[in-house]
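Peer 1:
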Amino acid sequence: MNGCIVAFCCEHSAYPAADLAGRLRLHYPESLRVIRVPCAGRVDVIHILKAFENGASAVLVLGCEDGACHHITGNTRAKERVKYCNMLLKEVEVDGRPVAMFNLSPNTPHKFVRAVNEITKIIKESGR
Amino acid sequence: MTTPFREILKRKDFVVTAEAAPVKGSSVSKTVEHITLLKDKVDGLNVTDNQSSVMRYPSLGICLLIKEHGGEPVLQVTCRDRNRLAIQADLLFAYSRGINNVVCLTGDSVDVGDHKEAKQVFDLDSVQLIHLVHTLNSGKDMAGNELDGGVDFCIGTTATPSADPLEPQLIKVEKKLKAGVSFIQTQAVYEFDELKRFTEFVRNIDEKVKILAGIVPVISAKMAAYMNDNVPGIFIPQHLIDELAQAPKGTGIAKGIEIAARMIRQVKEEEVCDGVHIMFIGREERVPEILEAAGLL
Amino acid sequence: MIIAERKPMEEIKQAMAPYKKVLVAGCGTCVTVCWVGGEKEVEILASQLRLARSAEGNEIVTLEATVERQCEKEMVTELKDKVAEVEAVLSLACGAGVQTMAELFEDKPIFPAVNTTFIGMPEKEGLWVEMCGACGDCFLDRTGGICPIVRCAKGLLNGPCGGTRKGGKCEIDPEKDCAWVLIYRRLEKQGRLDLMREYNPPKNFRAVKRPGRIQAVKI
Amino acid sequence: METRIGIFLCNCGGGMKNIDFDAVAEKVARMPGVTCVNLVSHLCLDEGREKMIASIREENLDRVIVAACSPEFKEHIFRQALEDAGLNGHLLAMANIREQCSWAHEGDVTEKAVELIKMATNRARLLQPLERKELPVNREVLVIGGGFSAIDTALHLSRLGLRTTLLEKEAVLGTGTGEWQSLHGFDNSSMTAAVEGDRNIDVLASARMTAAEGTIGDFTVTITREGEEISRKYGAIVLATGFRTELAPTSTLKLRTQAEPISGISIVSQEQLFHMLHNSIVEAKPRTIGFMFDFSDENSRFPTLTTLNNALAAKNKWGSEIYIFCKNVKVDSEGAEKLYREARECGVVFLKCETTPRMSMDNGRVAVEARDVFLGEDTVIACDLLVAEELLLPIAGTETLSSLLNIRLDSRGFYQDENVHLYPVASEKKGVFVIGWCRGNLDMGRVLTDISSVVMSVHGLLSSGKILVEVERVKVDPQKCVACLTCIRVCPHGAIQLVRVDGDKEVAGISDLACDACGICSAICPAKAIKFQGYRDEEILAQIEAIGES
Chain L
1 MNGCIVAFCC
11 EHSAYPAADL
21 AGRLRLHYPE
31 SLRVIRVPCA
41 GRVDVIHILK
51 AFENGASAVL
61 VLGCEDGACH
71 HITGNTRAKE
81 RVKYCNMLLK
91 EVEVDGRPVA
101 MFNLSPNTPH
111 KFVRAVNEIT
121 KIIKESGR
Chain H
1 MTTPFREILK
11 RKDFVVTAEA
21 APVKGSSVSK
31 TVEHITLLKD
41 KVDGLNVTDN
51 QSSVMRYPSL
61 GICLLIKEHG
71 GEPVLQVTCR
81 DRNRLAIQAD
91 LLFAYSRGIN
101 NVVCLTGDSV
111 DVGDHKEAKQ
121 VFDLDSVQLI
131 HLVHTLNSGK
141 DMAGNELDGG
151 VDFCIGTTAT
161 PSADPLEPQL
171 IKVEKKLKAG
181 VSFIQTQAVY
191 EFDELKRFTE
201 FVRNIDEKVK
211 ILAGIVPVIS
221 AKMAAYMNDN
231 VPGIFIPQHL
241 IDELAQAPKG
251 TGIAKGIEIA
261 ARMIRQVKEE
271 EVCDGVHIMF
281 IGREERVPEI
291 LEAAGLL
Chain S
1 MIIAERKPME
11 EIKQAMAPYK
21 KVLVAGCGTC
31 VTVCWVGGEK
41 EVEILASQLR
51 LARSAEGNEI
61 VTLEATVERQ
71 CEKEMVTELK
81 DKVAEVEAVL
91 SLACGAGVQT
101 MAELFEDKPI
111 FPAVNTTFIG
121 MPEKEGLWVE
131 MCGACGDCFL
141 DRTGGICPIV
151 RCAKGLLNGP
161 CGGTRKGGKC
171 EIDPEKDCAW
181 VLIYRRLEKQ
191 GRLDLMREYN
201 PPKNFRAVKR
211 PGRIQAVKI
Chain B
1 METRIGIFLC
11 NCGGGMKNID
21 FDAVAEKVAR
31 MPGVTCVNLV
41 SHLCLDEGRE
51 KMIASIREEN
61 LDRVIVAACS
71 PEFKEHIFRQ
81 ALEDAGLNGH
91 LLAMANIREQ
101 CSWAHEGDVT
111 EKAVELIKMA
121 TNRARLLQPL
131 ERKELPVNRE
141 VLVIGGGFSA
151 IDTALHLSRL
161 GLRTTLLEKE
171 AVLGTGTGEW
181 QSLHGFDNSS
191 MTAAVEGDRN
201 IDVLASARMT
211 AAEGTIGDFT
221 VTITREGEEI
231 SRKYGAIVLA
241 TGFRTELAPT
251 STLKLRTQAE
261 PISGISIVSQ
271 EQLFHMLHNS
281 IVEAKPRTIG
291 FMFDFSDENS
301 RFPTLTTLNN
311 ALAAKNKWGS
321 EIYIFCKNVK
331 VDSEGAEKLY
341 REARECGVVF
351 LKCETTPRMS
361 MDNGRVAVEA
371 RDVFLGEDTV
381 IACDLLVAEE
391 LLLPIAGTET
401 LSSLLNIRLD
411 SRGFYQDENV
421 HLYPVASEKK
431 GVFVIGWCRG
441 NLDMGRVLTD
451 ISSVVMSVHG
461 LLSSGKILVE
471 VERVKVDPQK
481 CVACLTCIRV
491 CPHGAIQLVR
501 VDGDKEVAGI
511 SDLACDACGI
521 CSAICPAKAI
531 KFQGYRDEEI
541 LAQIEAIGES
């Protein structure tokens, strides 16, 4: 059980936002592990499930803002996939393993930190 | 002794039939009351066959009761619950017990009823069913075997004059007419012009077939909206819904009866149809009020 | 193409309960195309099973494999070694694939993970619709190439029922088109409405003698 | 052959104090396959890069891990270093231990840094080299439209040596928008004359595009002119189809058509007023003129400019009393502030209203009833002439063009405009651009920006006659593809098509030119047949597996 939060970050939005958060010294939990992806739409169901199999306590999928995806539909597809993943996890009654999708732009480091904090709070509340 | 329906269709200027809906259960006393009340006020009592795909007392059983109590039964047969063997067998039985009138119809889908998981049959469709009754009338079964004692049914069918789009419906009506029917009872109609357009179409193909306009009284705006949404083939226009909505509380049934009677009068006065078929489901005891208001008693 | 649907997870989980090591077997043909039983779904289902069992503290080992067509014995034979390793097989193929697997590996319990639903085609991305009832007596030539046997909720052969909704939608589902309205429109466009006016006699439901068995000409 | 991994740690000149680099070096050196670990203080500077190149050569490395700042900043520099050392640039994996580790946390993060390097190393083991190739592109450009922005784009491209075809649906260029452009200080006739004299510009008038296929650098377009079909090839397509106006739905009275006689008209469009002002065909000077704008569409920069110009002209020519009813005056476009001041100074009255004024006809005049929010009372002004509010809308045919080219429209029916990543002129399809009013309600300054942007973009793409692409970065495995068409249906860039391989088998094929490397297809493929080099499942999962290992 590694208890990490795995964040799939779109290189057009969330990844630079995370960089900016670092440059502004906006701190967030150390347990975050960022995996850089070319688009939130590249994140597949199996990536999320395997992250949990590996012991992650939560998964974040972070993509561009609504209507402003670099690849037009990538962020909306990612949102659907996250929804689907939650359904798959619920099906197998694996509780308290949150998967969430957030939309942000590259110049919103606070939003990035907020997303990480929000998921951390959910994990804490579920007692994992 | 009642007059056979076939004769009535030939002789009477304005034919009136009413629907007797079978009960859910084996207690038929209420149905017998309705039969007694209506049998002499109408020309035929028409019995539905697991209407709206809700399982009930059989159509055939109620028809027997009507016969026993001196009425003229009209047996509805749908294609949903029986394959060609069962339908033929039922028809032989019906005829042997003096039930000589049959309405051939498709039947609602099981999805709208109370046994949604049932396997629906539809071995035949309504046009094929009409052909089947003619085959039986000719003394043979569908497989071509001779019958030991034939049948002679008076055949009717149904149609939806307010369908949208109408043309495909009319093509089907045309097929039914070509297969040969003595009468058509329409689905409930609320727009006189729709009915008129429909009868003109039918008359162009078959001058002799009798058309009975379907009358279903609507007793509240809520019921109208429900029927529009849930009863296949029914389209109640907004002006009637508004009229019902404006009726004072507690007068809904009276209003419904008034609207129905108005329609019947118009149908009769303008000689658009050869009669009406009244379906006041669950309120059969109030059918005489409609007849009275329409001047048919 | 054969269309299927994943079974409820609860059912799959119960079926797998007695086993510690199973093979999740996909099929690379129809069920891959309809997003139900290809390599991707095999991966997801296996992962779901492992997660479920590890949450129960009762780990399960899953092998994964997808063959090109599970309805072909020769192709399923490839799985021999993997099947030998496991206690049971969870197949994501259609009913034909599951049975081929069962016949080939008689001593192993084989479980279907999907429900085979119909023969259909994609209407758009991710939406499959029924197109053919495999009635063995095709009469699409008489209906403008639209099959009323399966596309009409009642399988009517001589025109629409009286329940058609406004705008030509089906009595039982406003999302679906009335097949006979579609047939009407198609034939009208082709100027062949006379075809719709012709009587279609009752169907020969023995056109395929069930269970179906067809011997092609030996060449 | 075993992989030989080299790890390069950069401490950014001491900028990452909460990482113990010696401890990191010691730990990562123990990972399997790691040949050498180098600690450098400024890897991105010449000295560091040289050290890196030397080490790659000496140690005969075949995978390189750089643990330093974010790949967003220096990845390309390190890639180049690999190339300089004779290694494919794609055999590099970076661990972002600065922005996303050292700087993001307080306290010692040595362990996290080690884990990030492990993740990168796991991924690096699986990386494959990626070849680059130059593909020839067609240098001709198709510009659809015959208005100001289309003509100006064509003229610019021509000057840069790119042959351009102007495709106009009307019989001549510049119809319909002539006055608008003169109003804003552009001389339409001299522009059309310049086009006629330009041998690099080919004008196809009375013509429409009726089919388009292909990808950037190689579009095949079918043009239909007077019933005749012409097929042409282009490297890029620019849409500059302009806009149309319509009376805003809030105006309760009908606008007279252009065909009706000018005299007696009391409600006119901006364009009709312009006609009256500049062609001197007015019998009686209107004493009072009302203008309305910014009620239906608050994106009103263009109407604001038009109103101010027309109002000033009317004031100067006729000396009319002028009332402007609007919610807000948007003066942030170029020159607008000055025009506004001039208008105020010469007595134009601005009435700020929250709701659309009511209008009624009164003896041939239009009575405008409005509530001024500053005065707080209702005012009724009888106007001899009311210039109605107009909406700027996409022209007819916008939908057809968008479906032919497979590009989206925004919620208002204009070409893709709201997506900041494509701003201002790119569409989701590489090589197809949208400029000017066909992408929304713009002021002149923004239109000019669009023109420069598109000219730069197209020139950059096509001028050399070839484009450098990564070969098969995203690739379909023809053995695994079941031709389910899912990827073709989902590709946002229209880069995938059915192709025949191995003689006859039909499978999905991805165009290296059109692919924008998003990976949506590889995520959705039900047969797992699409591999995205660098972001294959294996490469992503290998990173996940490294998490929590230590």
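Note that the protein sequences, when read in sequence, are chains L, H, S and B. Under my numbering, think of the first position of the first sequence as 1, with each following residue one higher. Under my numbering, think of the first position of the second sequence as 1, with each following residue one higher. Under my numbering, think of the first position of the third sequence as 1, with each following residue one higher. Under my numbering, think of the first position of the fourth sequence as 1, with each following residue one higher. Backbone N, C-alpha and C define an ideal beta-carbon position, used for all residues, glycine too.
Could you name the residues of the same chain whose beta carbon sits closer than 7 Å to that of B/Gly397, not counting the 5 residues immediately before and after it, in chain order?
Peer 2: In the fourth sequence, counting from the first residue as 1, residue 397 of chain B sits at position 397. Nothing meets the Cβ criterion.
Peer 1: Could you please give the first and the last residue of the uninterrupted beta strand (DSSP E) stretch that includes B/Met16?
Peer 2: Here residue 16 of chain B refers to the residue found at position 16 of the fourth sequence. It is not in any beta strand (DSSP E) - B/Met16 carries neither H nor E in the DSSP assignment.
Peer 1: Using the C-alpha atoms, what's the distance from S/Met101 back to B/Arg63?
Peer 2: Position 63 of the fourth sequence holds residue 63 of chain B. Position 101 of the third sequence holds residue 101 of chain S. Taking the straight line from one Cα to the other gives about 44 Å.
Peer 1: Can the beta-carbon of S/Ile119 be found less than 8 Å from the beta-carbon of S/Ile2?
Peer 2: For the purposes of this step, residue 119 of chain S is taken as residue 119 along the third sequence, with counting starting at 1. For the purposes of this step, residue 2 of chain S is taken as residue 2 along the third sequence, with counting starting at 1. Yes, these two residues count as a Cβ contact at 8 Å.
Peer 1: Would you tell me roughly how many angstroms separate the C-alpha atoms of S/Leu195 and H/Ala143, rounded to the nearest one?
Peer 2: Locating residue 195 of chain S in the third sequence gives position 195, where the first residue counts as 1. Locating residue 143 of chain H in the second sequence gives position 143, where the first residue counts as 1. S/Leu195 and H/Ala143: Cα-Cα distance of roughly 26 Å.
Peer 1: Measure the alpha-carbon distance for H/Thr106 versus H/Ala94 and round it to whole angstroms.
Peer 2: Position 106 of the second sequence, counted from the start, is the residue given in the question as residue 106 of chain H. Position 94 of the second sequence, counted from the start, is the residue given in the question as residue 94 of chain H. Looking at the two C-alpha atoms, the distance is approximately 19 Å.
Peer 1: Please state the DSSP three-state secondary structure of B/Ala311.
Peer 2: Stepping through the fourth sequence from its first residue, residue 311 of chain B is reached at position 311. If DSSP states are grouped into helix, strand and coil, B/Ala311 belongs with the helices.
Peer 1: Going by C-alpha distance, which of H/Phe153, H/Leu65 and H/Gln120 is nearest H/Ser27?
Peer 2: Position 27 of the second sequence, counted from the first residue, corresponds to residue 27 of chain H. Nearest C-alpha to H/Ser27: H/Leu65.
Peer 1: How about B/Pro553 and B/Asp502: do their beta carbons lie closer than 8 Å?
Peer 2: For chain B, the structure presents residues 1 to 550; residue 553 of chain B sits outside this window and is missing.
Peer 1: Whose C-beta lies closer than 8 Å to the C-beta of L/Leu24 among residues of the same chain, with five residues either side of it excluded?
Peer 2: Locating residue 24 of chain L in the first sequence gives position 24, where the first residue counts as 1. Excluding its 5 nearest sequence neighbours in each direction, L/Leu24 has C-beta neighbours in its own chain below 8 Å: Pro109, listed in chain order.
Peer 1: Nearest CA to the CA of B/Ala529: which residue from S/Gly97, S/Thr66 and S/Ala15?
Peer 2: The residue given as residue 529 of chain B occupies position 529 in the fourth sequence. That would be S/Thr66, whose Cα lies nearest to the Cα of B/Ala529.
Peer 1: From B/Glu506 to B/Ser464, what distance separates their C-alpha atoms?
Peer 2: Counting from one through the fourth sequence, the residue named residue 506 of chain B turns up at place 506. Counting from one through the fourth sequence, the residue named residue 464 of chain B turns up at place 464. Computed Cα separation, rounded: 34 Å.
Peer 1: Which residues bound the alpha helix (DSSP H) around H/Asn46?
Peer 2: Walking along the second sequence from the start, residue 46 of chain H turns up at place 46. Following the DSSP letters along the chain, one finds H/Asn46 in no alpha helix (DSSP H) but inside the beta strand (DSSP E) bounded by residues Gly44 to Val47.
Peer 1: One question on the structure: do H/Ala261 and H/Ile219 come within less than 8 Å of each other, judged by their Cβ atoms?
Peer 2: By 1-based counting over the second sequence, the position of residue 261 of chain H is 261. By 1-based counting over the second sequence, the position of residue 219 of chain H is 219. No; because the gap between Cβ atoms is not below 8 Å, this pair is not in contact.
Peer 1: Would you say L/Gly41 faces chain B, with C-beta separation under 8 Å as the test?
Peer 2: For the purposes of this step, residue 41 of chain L is taken as residue 41 along the first sequence, with counting starting at 1. L/Gly41 counts as touching chain B.
Peer 1: Could you check whether the Cβ of S/Asn204 sits closer than 8 Å to any Cβ belonging to chain H?
Peer 2: For the purposes of this step, residue 204 of chain S is identified with residue 204 of the third sequence, where counting begins at 1. Closer than 8 Å: no.
Peer 1: Between the alpha carbons of B/Lys317 and B/Leu462, how many angstroms are there, rounded?
Peer 2: As a first step, residue 317 of chain B must be located in the fourth sequence, where it is residue number 317. As a first step, residue 462 of chain B must be located in the fourth sequence, where it is residue number 462. Cα-Cα distance, rounded: 49 Å.
Peer 1: Counting along the chain, where does the alpha helix (DSSP H) carrying S/Pro148 start and finish?
Peer 2: Within the third sequence, the letter at position 148 stands for residue 148 of chain S. It spans Pro148 to Arg151 - the alpha helix (DSSP H) in which S/Pro148 sits, taken as one unbroken run.
Peer 1: Could you pull out every residue in the same chain whose Cβ sits closer than 8 Å to the Cβ of B/Gly442, ignoring the five residues on either side in sequence?
Peer 2: Here residue 442 of chain B refers to the residue found at position 442 when the fourth sequence is read from its first residue. Position check: residue 442 of chain B holds Leu in this sequence, whereas Gly was assumed. So the list reads Arg301, Phe302, Gly436 and Asp450, once near-sequence residues are dropped.
Peer 1: Can you tell me where the alpha helix (DSSP H) with H/Gln76 in it begins and where it stops?
Peer 2: Locating residue 76 of chain H in the second sequence gives position 76, where the first residue counts as 1. Run containing H/Gln76: none in the alpha helix (DSSP H); it sits in the beta strand (DSSP E), Pro73 to Thr78.
Peer 1: Can you find a C-beta in chain L that's less than 8 Å from the C-beta of B/Pro492?
Peer 2: The residue labelled residue 492 of chain B in the question sits at position 492 within the fourth sequence. Cβ-Cβ to chain L under 8 Å: yes for B/Pro492.
Peer 1: Pick from H/Gly98, H/Arg97, H/Arg84 and H/Asn145: whose alpha carbon is nearest that of H/Leu129?
Peer 2: Translated into positions along the second sequence, residue 129 of chain H becomes position 129. Considering only alpha carbons, the answer is H/Arg84.
Peer 1: Count the other C-beta atoms from every protein chain shown that fall within 10 angstroms of the C-beta of B/Gly460, then say buried if there are 16 or more, exposed otherwise.
Peer 2: Translated into the one-based positions of the fourth sequence, residue 460 of chain B becomes position 460. B/Gly460 is exposed by the Cβ-count criterion.
Peer 1: Tell me the rounded alpha-carbon separation between B/Lys285 and B/Leu277.
Peer 2: Numbered from 1 along the fourth sequence, position 285 holds the residue referred to as residue 285 of chain B. Numbered from 1 along the fourth sequence, position 277 holds the residue referred to as residue 277 of chain B. Between B/Lys285 and B/Leu277, the C-alpha separation is close to 10 Å.
Peer 1: What span of residues does the beta strand (DSSP E) with H/Leu244 cover, start to end?
Peer 2: Locating residue 244 of chain H in the second sequence gives position 244, counting from the first residue. That residue, H/Leu244, is in no beta strand (DSSP E); its alpha helix (DSSP H) goes Gln238 to Gln246.
Peer 1: Listed in chain order, which residues of the segment 50-80 of chain L have Cβ atoms closer than 8 Å to some Cβ of chain S?
Peer 2: Lys50, Phe52 and Glu53
Peer 1: Measuring straight from C-alpha to C-alpha, what distance separates B/Glu58 and B/Ser158?
Peer 2: Here the question's residue 58 of chain B lines up with position 58 in the fourth sequence. Here the question's residue 158 of chain B lines up with position 158 in the fourth sequence. Rounded to the nearest angstrom, the two C-alpha atoms are 51 Å apart.
Peer 1: For the segment 14-70 of chain B, list the alpha helix (DSSP H) runs that are entirely contained and at least 4 residues long, ordered along the chain.
Peer 2: 21-29 and 46-59
Peer 1: If distances are taken between C-alpha atoms only, which option among L/Lys121, L/Ala100 and L/Leu88 comes closest to L/Thr76?
Peer 2: Looking up residue 76 of chain L in the first sequence gives position 76. Residue L/Ala100 is the option with its Cα nearest to L/Thr76.
Peer 1: Looking at S/Cys30 and the ligand HEM, is the gap between the Cβ and the nearest heavy atom below 7 Å?
Peer 2: This structure simply doesn't include the ligand HEM, nor any ligand for that matter.
Peer 1: Alpha carbon to alpha carbon, how far is B/Val172 from B/Val143? Give it in angstroms, no decimals.
Peer 2: To locate residue 143 of chain B, count along the fourth sequence from 1; it is residue 143. To locate residue 172 of chain B, count along the fourth sequence from 1; it is residue 172. Near 15 Å, if we compare the C-alpha coordinates of B/Val172 and B/Val143.
Peer 1: Beta-carbon within less than 6 Å of B/Arg123's beta-carbon, same chain only, minus the 5 sequence neighbours each way: which residues are those?
Peer 2: The sequence position of residue 123 of chain B within the fourth sequence is 123, counting from 1. Excluding residues within five positions, the ones whose Cβ falls inside 6 Å are Ala93, Glu539, Ala542 and Gln543.
Peer 1: Within 8 Å of any Cβ in chain S, is that where the Cβ of B/Lys254 sits?
Peer 2: Stepping through the fourth sequence from its first residue, residue 254 of chain B is reached at position 254. For B/Lys254, the predicted structure reports a pLDDT of 49, less than 50, and the residue's modelled location is therefore unreliable. The matter cannot be settled from this model.
Peer 1: Run through DSSP, which three-state label would H/Gln185 get?
Peer 2: By one-based count along the second sequence, residue 185 of chain H stands at place 185. Three-state DSSP puts H/Gln185 in a strand.
Peer 1: According to DSSP, is H/His277 helix, strand or coil?
Peer 2: Translated into positions along the second sequence, residue 277 of chain H becomes position 277. Per DSSP, reduced to three states, the secondary structure at H/His277 is strand.
Peer 1: Please state the DSSP three-state secondary structure of S/Ala44.
Peer 2: For the purposes of this step, residue 44 of chain S is taken as residue 44 along the third sequence, with counting starting at 1. The amino acid occupying residue 44 of chain S in the given sequence is Ile; Ala does not appear at that position. Residue state, collapsed to three classes: helix.
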